[in-house]
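Enquirer: Just so we're aligned, residue 5 is where the sequence shown starts under the working numbering, counting upward by one.
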Amino acid sequence: MTCFISVSCSSNSESTNSSVPAGDCPEQPIQVVVSVDQWGDIVEQLGGDCATVTTVIESSKVDPHDYEPTTGDAAKFTDAELVVVNGMDYDPWATKIVATLNPEPPVVDAGKVAGLSDGENPHVWYGPDYVFEFASAVTAELSKLSPKAAEYFTAQADSWNTSMQPYRDQIALIKASYSGQSYVATESVFDYMAVALGLKDVTPAGFAAAAANETDPSPGDVASFGKLIKAGTADVLIYNVQTVGALPEQIRSAADQVKVPTVEVTETVALGATSFEQWQVEQLEALSAALKASL
(Lines of atoms letter the chains of each structure in order from A and count residues from 1; the text may use other names and numbers.)
(Lines give C-alpha, C1' and ligand atoms only; values in the text may rest on other atoms or scores of the structure.)
Protein backbone atom coordinates (compact mmCIF):
# COMPACT_ATOMS: atom_id res chain seq x y z
CA MET A 1 0.00 0.00 0.00
CA THR A 2 1.35 3.37 -0.97
CA CYS A 3 -0.51 6.47 0.07
CA PHE A 4 0.10 9.96 -1.20
CA ILE A 5 0.36 12.84 1.21
CA SER A 6 2.33 16.13 1.40
CA VAL A 7 3.69 17.92 4.37
CA SER A 8 2.18 21.27 5.20
CA CYS A 9 0.52 23.21 7.95
CA SER A 10 -3.10 24.26 8.15
CA SER A 11 -5.06 26.28 10.65
CA ASN A 12 -8.68 27.14 11.07
CA SER A 13 -7.78 30.52 12.53
CA GLU A 14 -6.16 33.44 10.76
CA SER A 15 -4.94 34.93 14.02
CA THR A 16 -1.32 34.26 14.95
CA ASN A 17 -1.79 35.60 18.48
CA SER A 18 -3.03 32.80 20.73
CA SER A 19 -2.98 34.90 23.90
CA VAL A 20 -6.35 36.57 23.30
CA PRO A 21 -9.86 35.28 22.59
CA ALA A 22 -10.67 34.71 18.91
CA GLY A 23 -14.01 35.09 17.15
CA ASP A 24 -16.79 33.59 19.26
CA CYS A 25 -14.39 31.87 21.64
CA PRO A 26 -14.67 33.07 25.27
CA GLU A 27 -10.94 32.61 25.88
CA GLN A 28 -7.70 32.03 24.01
CA PRO A 29 -7.72 29.18 21.47
CA ILE A 30 -6.18 25.82 22.30
CA GLN A 31 -3.14 24.91 20.22
CA VAL A 32 -3.88 21.53 18.59
CA VAL A 33 -1.58 19.47 16.38
CA VAL A 34 -3.07 16.68 14.24
CA SER A 35 -0.81 14.11 12.60
CA VAL A 36 -2.81 13.35 9.43
CA ASP A 37 -5.50 15.06 7.41
CA GLN A 38 -8.06 12.26 7.70
CA TRP A 39 -8.75 13.63 11.19
CA GLY A 40 -7.70 17.25 10.70
CA ASP A 41 -10.97 18.56 9.23
CA ILE A 42 -13.05 16.99 11.99
CA VAL A 43 -10.85 18.52 14.69
CA GLU A 44 -11.05 21.93 13.02
CA GLN A 45 -14.85 21.79 12.94
CA LEU A 46 -15.07 20.66 16.55
CA GLY A 47 -12.60 23.28 17.74
CA GLY A 48 -13.97 26.23 15.78
CA ASP A 49 -12.66 29.59 16.99
CA CYS A 50 -11.49 27.97 20.22
CA ALA A 51 -8.78 25.87 18.59
CA THR A 52 -5.87 26.69 16.32
CA VAL A 53 -5.32 23.45 14.42
CA THR A 54 -2.11 22.47 12.66
CA THR A 55 -2.23 19.34 10.49
CA VAL A 56 1.25 18.01 9.81
CA ILE A 57 0.63 15.70 6.84
CA GLU A 58 -1.92 16.79 4.26
CA SER A 59 -2.95 15.04 1.06
CA SER A 60 -0.21 14.13 -1.32
CA LYS A 61 2.84 11.91 -1.57
CA VAL A 62 4.07 10.70 1.82
CA ASP A 63 3.17 7.38 3.43
CA PRO A 64 2.44 8.05 7.13
CA HIS A 65 3.64 4.53 7.97
CA ASP A 66 7.17 5.33 6.81
CA TYR A 67 7.18 9.09 7.26
CA GLU A 68 10.31 10.72 8.67
CA PRO A 69 9.46 14.16 10.10
CA THR A 70 11.73 17.10 9.45
CA THR A 71 13.03 19.36 12.19
CA GLY A 72 10.42 21.88 11.10
CA ASP A 73 7.63 19.32 11.43
CA ALA A 74 8.78 18.38 14.92
CA ALA A 75 8.82 22.05 15.86
CA LYS A 76 5.10 22.27 15.11
CA PHE A 77 4.48 20.17 18.23
CA THR A 78 6.44 22.45 20.56
CA ASP A 79 3.51 24.57 21.74
CA ALA A 80 0.85 21.90 21.36
CA GLU A 81 -1.69 21.75 24.16
CA LEU A 82 -3.41 18.77 22.52
CA VAL A 83 -2.12 16.26 19.98
CA VAL A 84 -4.37 14.07 17.83
CA VAL A 85 -3.03 10.91 16.20
CA ASN A 86 -4.51 7.97 14.34
CA GLY A 87 -2.42 5.45 16.28
CA MET A 88 -2.19 1.71 15.55
CA ASP A 89 1.33 2.19 14.17
CA TYR A 90 -0.06 4.31 11.33
CA ASP A 91 1.71 7.50 12.41
CA PRO A 92 4.26 6.37 15.04
CA TRP A 93 6.52 9.32 14.26
CA ALA A 94 3.97 11.66 15.86
CA THR A 95 3.82 9.68 19.10
CA LYS A 96 7.62 9.63 19.24
CA ILE A 97 7.74 13.42 18.93
CA VAL A 98 5.20 13.81 21.74
CA ALA A 99 7.38 11.64 23.98
CA THR A 100 10.21 14.17 23.63
CA LEU A 101 8.09 17.09 24.87
CA ASN A 102 8.24 18.33 28.44
CA PRO A 103 5.58 18.46 29.61
CA GLU A 104 3.86 15.99 27.32
CA PRO A 105 0.50 17.30 26.07
CA PRO A 106 -2.56 15.03 26.23
CA VAL A 107 -3.08 12.85 23.17
CA VAL A 108 -6.30 11.69 21.53
CA ASP A 109 -5.44 8.40 19.82
CA ALA A 110 -8.21 7.40 17.39
CA GLY A 111 -7.30 3.72 17.48
CA LYS A 112 -7.40 3.59 21.27
CA VAL A 113 -10.67 5.52 21.36
CA ALA A 114 -12.12 2.88 19.02
CA GLY A 115 -10.85 0.07 21.25
CA LEU A 116 -8.64 -1.33 18.49
CA SER A 117 -5.20 -2.89 18.90
CA ASP A 118 -1.92 -2.55 17.05
CA GLY A 119 -1.87 -5.03 14.19
CA GLU A 120 -5.51 -4.53 13.30
CA ASN A 121 -6.65 -2.54 10.28
CA PRO A 122 -5.38 1.02 11.00
CA HIS A 123 -7.82 2.83 8.69
CA VAL A 124 -9.97 3.91 11.63
CA TRP A 125 -11.57 6.89 9.87
CA TYR A 126 -13.51 4.50 7.60
CA GLY A 127 -15.46 3.08 10.55
CA PRO A 128 -18.62 5.19 11.07
CA ASP A 129 -18.97 4.35 14.76
CA TYR A 130 -15.28 5.04 15.26
CA VAL A 131 -15.60 8.48 13.66
CA PHE A 132 -18.34 9.56 16.06
CA GLU A 133 -16.54 8.07 19.06
CA PHE A 134 -13.44 9.99 18.02
CA ALA A 135 -15.38 13.25 17.76
CA SER A 136 -16.80 12.76 21.25
CA ALA A 137 -13.32 12.11 22.64
CA VAL A 138 -11.91 15.25 21.02
CA THR A 139 -14.77 17.40 22.31
CA ALA A 140 -14.31 16.00 25.82
CA GLU A 141 -10.58 16.73 25.78
CA LEU A 142 -11.04 20.25 24.41
CA SER A 143 -13.62 20.97 27.12
CA LYS A 144 -11.27 19.62 29.77
CA LEU A 145 -8.44 21.84 28.57
CA SER A 146 -10.65 24.94 28.32
CA PRO A 147 -13.58 24.64 30.77
CA LYS A 148 -14.79 28.16 30.07
CA ALA A 149 -15.31 27.15 26.45
CA ALA A 150 -17.10 23.86 27.24
CA GLU A 151 -20.49 25.16 26.13
CA TYR A 152 -18.92 26.46 22.94
CA PHE A 153 -17.37 23.05 22.21
CA THR A 154 -20.70 21.35 22.86
CA ALA A 155 -22.35 23.67 20.35
CA GLN A 156 -19.59 22.96 17.82
CA ALA A 157 -20.08 19.23 18.30
CA ASP A 158 -23.82 19.60 17.77
CA SER A 159 -23.22 21.58 14.59
CA TRP A 160 -20.75 18.99 13.33
CA ASN A 161 -23.17 16.16 14.09
CA THR A 162 -25.84 17.96 12.06
CA SER A 163 -23.43 18.38 9.15
CA MET A 164 -22.78 14.63 9.20
CA GLN A 165 -26.42 13.71 8.56
CA PRO A 166 -25.89 13.15 4.80
CA TYR A 167 -23.12 10.70 5.76
CA ARG A 168 -25.48 8.82 8.07
CA ASP A 169 -28.21 8.87 5.43
CA GLN A 170 -25.99 7.38 2.72
CA ILE A 171 -24.81 4.62 5.05
CA ALA A 172 -28.39 3.78 6.01
CA LEU A 173 -29.51 3.80 2.36
CA ILE A 174 -26.78 1.45 1.19
CA LYS A 175 -27.27 -0.90 4.12
CA ALA A 176 -31.02 -1.06 3.53
CA SER A 177 -30.73 -1.50 -0.23
CA TYR A 178 -27.59 -3.52 -0.83
CA SER A 179 -26.61 -5.36 2.36
CA GLY A 180 -25.29 -8.80 1.47
CA GLN A 181 -23.81 -7.81 -1.86
CA SER A 182 -20.16 -8.70 -2.34
CA TYR A 183 -16.95 -6.87 -3.08
CA VAL A 184 -13.27 -7.45 -3.65
CA ALA A 185 -10.66 -4.85 -2.76
CA THR A 186 -7.13 -4.03 -3.82
CA GLU A 187 -6.40 -3.42 -0.12
CA SER A 188 -8.14 -2.96 3.22
CA VAL A 189 -8.61 0.81 3.41
CA PHE A 190 -12.42 0.63 3.01
CA ASP A 191 -13.07 -2.53 5.05
CA TYR A 192 -14.50 -0.92 8.20
CA MET A 193 -17.05 0.96 6.12
CA ALA A 194 -17.89 -2.16 4.13
CA VAL A 195 -18.65 -4.03 7.34
CA ALA A 196 -20.90 -1.19 8.51
CA LEU A 197 -22.76 -1.34 5.20
CA GLY A 198 -23.32 -5.08 5.45
CA LEU A 199 -21.25 -5.91 2.38
CA LYS A 200 -19.55 -9.28 2.00
CA ASP A 201 -15.78 -9.32 1.43
CA VAL A 202 -14.83 -12.08 -1.02
CA THR A 203 -11.25 -10.92 -1.55
CA PRO A 204 -8.96 -13.98 -1.46
CA ALA A 205 -7.56 -14.24 2.07
CA GLY A 206 -3.94 -14.60 0.96
CA PHE A 207 -4.17 -11.56 -1.27
CA ALA A 208 -5.78 -9.47 1.48
CA ALA A 209 -3.13 -10.54 4.01
CA ALA A 210 -0.31 -9.60 1.65
CA ALA A 211 -1.83 -6.18 1.00
CA ALA A 212 -2.27 -5.57 4.73
CA ASN A 213 1.37 -6.49 5.36
CA GLU A 214 2.57 -4.41 2.40
CA THR A 215 4.12 -7.47 0.75
CA ASP A 216 3.65 -8.95 -2.71
CA PRO A 217 0.89 -11.55 -2.96
CA SER A 218 1.87 -14.99 -4.19
CA PRO A 219 1.22 -15.93 -7.83
CA GLY A 220 -1.48 -18.27 -6.55
CA ASP A 221 -3.22 -15.45 -4.68
CA VAL A 222 -3.11 -13.25 -7.77
CA ALA A 223 -4.52 -16.07 -9.88
CA SER A 224 -7.31 -16.65 -7.36
CA PHE A 225 -8.20 -12.96 -7.47
CA GLY A 226 -8.35 -13.02 -11.26
CA LYS A 227 -10.51 -16.15 -11.37
CA LEU A 228 -12.90 -14.68 -8.82
CA ILE A 229 -13.39 -11.53 -10.88
CA LYS A 230 -13.85 -13.41 -14.15
CA ALA A 231 -16.40 -15.68 -12.50
CA GLY A 232 -18.51 -12.68 -11.51
CA THR A 233 -18.37 -13.62 -7.83
CA ALA A 234 -17.90 -10.01 -6.75
CA ASP A 235 -20.50 -7.33 -7.37
CA VAL A 236 -18.00 -4.45 -7.21
CA LEU A 237 -14.27 -3.79 -6.98
CA ILE A 238 -13.14 -1.34 -4.29
CA TYR A 239 -10.08 0.36 -5.75
CA ASN A 240 -7.75 2.62 -3.77
CA VAL A 241 -6.51 5.09 -6.37
CA GLN A 242 -3.55 5.97 -4.14
CA THR A 243 -2.17 2.45 -4.38
CA VAL A 244 0.10 2.44 -7.41
CA GLY A 245 1.69 -0.39 -9.35
CA ALA A 246 1.12 -2.84 -12.13
CA LEU A 247 -0.90 -5.31 -10.05
CA PRO A 248 -3.74 -2.96 -8.97
CA GLU A 249 -4.00 -1.73 -12.56
CA GLN A 250 -4.10 -5.33 -13.79
CA ILE A 251 -6.92 -6.11 -11.36
CA ARG A 252 -8.90 -3.08 -12.44
CA SER A 253 -8.46 -3.97 -16.09
CA ALA A 254 -9.73 -7.49 -15.42
CA ALA A 255 -12.80 -6.07 -13.66
CA ASP A 256 -13.46 -3.71 -16.56
CA GLN A 257 -13.32 -6.57 -19.05
CA VAL A 258 -16.13 -8.46 -17.32
CA LYS A 259 -18.05 -5.28 -16.45
CA VAL A 260 -17.59 -5.50 -12.68
CA PRO A 261 -18.09 -1.87 -11.53
CA THR A 262 -15.06 -0.22 -9.94
CA VAL A 263 -15.53 2.13 -6.99
CA GLU A 264 -12.62 4.51 -6.46
CA VAL A 265 -11.71 5.39 -2.87
CA THR A 266 -8.79 7.27 -1.36
CA GLU A 267 -6.80 6.71 1.80
CA THR A 268 -6.37 10.41 2.49
CA VAL A 269 -8.86 13.22 1.98
CA ALA A 270 -9.63 13.43 -1.74
CA LEU A 271 -8.25 16.35 -3.69
CA GLY A 272 -10.89 19.07 -3.89
CA ALA A 273 -12.96 17.83 -0.96
CA THR A 274 -13.84 20.67 1.40
CA SER A 275 -14.74 18.48 4.38
CA PHE A 276 -14.55 14.95 5.75
CA GLU A 277 -18.30 14.65 5.21
CA GLN A 278 -18.12 15.66 1.54
CA TRP A 279 -15.23 13.28 0.88
CA GLN A 280 -17.00 10.33 2.43
CA VAL A 281 -20.46 11.03 1.02
CA GLU A 282 -19.18 11.34 -2.54
CA GLN A 283 -17.50 7.94 -2.23
CA LEU A 284 -20.63 6.40 -0.74
CA GLU A 285 -22.76 7.82 -3.55
CA ALA A 286 -20.38 6.27 -6.09
CA LEU A 287 -20.58 2.95 -4.26
CA SER A 288 -24.38 3.07 -4.19
CA ALA A 289 -24.50 3.67 -7.93
CA ALA A 290 -22.08 0.81 -8.58
CA LEU A 291 -24.01 -1.63 -6.40
CA LYS A 292 -27.23 -0.66 -8.16
CA ALA A 293 -25.61 -1.18 -11.55
CA SER A 294 -24.42 -4.64 -10.52
CA LEU A 295 -27.94 -5.92 -9.83
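C-beta: ideal position from N, C-alpha, C; glycine also.
No experiment lies behind these values; they were computed from the predicted model shown.
Which residues bound the beta strand (DSSP E) around Y182?
Expert: Y182 -> not in any beta strand (DSSP E); alpha helix (DSSP H) instead, spanning Q169 to Y182.
Enquirer: Is DSSP giving V142 helix, strand or coil here?
Expert: If DSSP states are grouped into helix, strand and coil, V142 belongs with the helices.
Enquirer: Does DSSP put A55 in a helix, in a strand, or in coil?
Expert: The answer is strand: DSSP assigns A55 an E or B state.
Enquirer: Find the nearest neighbour of T166 within the set S39, L50 and G44, judged by alpha-carbon distance.
Expert: The candidate whose alpha carbon is nearest that of T166 is L50.
Enquirer: Give me whichever residues DSSP pairs with L86 in a beta bridge.
Expert: In DSSP, L86 forms a bridge with V36.
Enquirer: Among Y134, Y187 and E281, which has the Cα closest to the Cα of R256?
Expert: It is Y187 whose Cα lies nearest to the Cα of R256.
Enquirer: Determine the direct distance from the alpha carbon of I46 to that of P223, and round the result to whole angstroms.
Expert: Using only the alpha carbons, I get a separation of about 41 Å.
Enquirer: Where does D225 land, buried or exposed, given buried means 16+ other C-beta within 10 angstroms?
Expert: D225 comes out buried.
Enquirer: Is it true that the CB of V102 sits closer than 9 Å to the CB of K80?
Expert: No. Outside cutoff.
Enquirer: Buried or exposed for N217, going by 16 or more other Cβ atoms inside 10 Å?
Expert: Exposed: under 16 other Cβ atoms inside 10 Å.
Enquirer: Compare the Cα-Cα distances from H127 to each of T207, A290, I175 and T272 and report the closest residue.
Expert: Here the closest residue by C-alpha is T272.
Enquirer: Classify V262 as buried or exposed, calling it buried when 16 or more other Cβ atoms lie within 10 Å of its own Cβ.
Expert: Counting Cβ neighbours within 10 Å, V262 comes out exposed, since fewer than 16 surround it.
Enquirer: Under the assumption that P132 contacts I175 (Cβ atoms under 8 Å), give the Cβ distance between them as a whole number of angstroms.
Expert: So it is a contact: roughly 6 Å between Cβ atoms.
Enquirer: Cutting at 6 Å between CB atoms, please list the residues of its own chain near Y196, excluding the five before and the five after it.
Expert: Result list for Y196: Y130 and G131, in chain order.
Enquirer: Leaving aside the five residues before and after A84 along the sequence, list all residues of the same chain whose C-beta is less than 6 Å from its C-beta, in chain order.
Expert: So the qualifying residues of the chain are Q35, V37 and P109.
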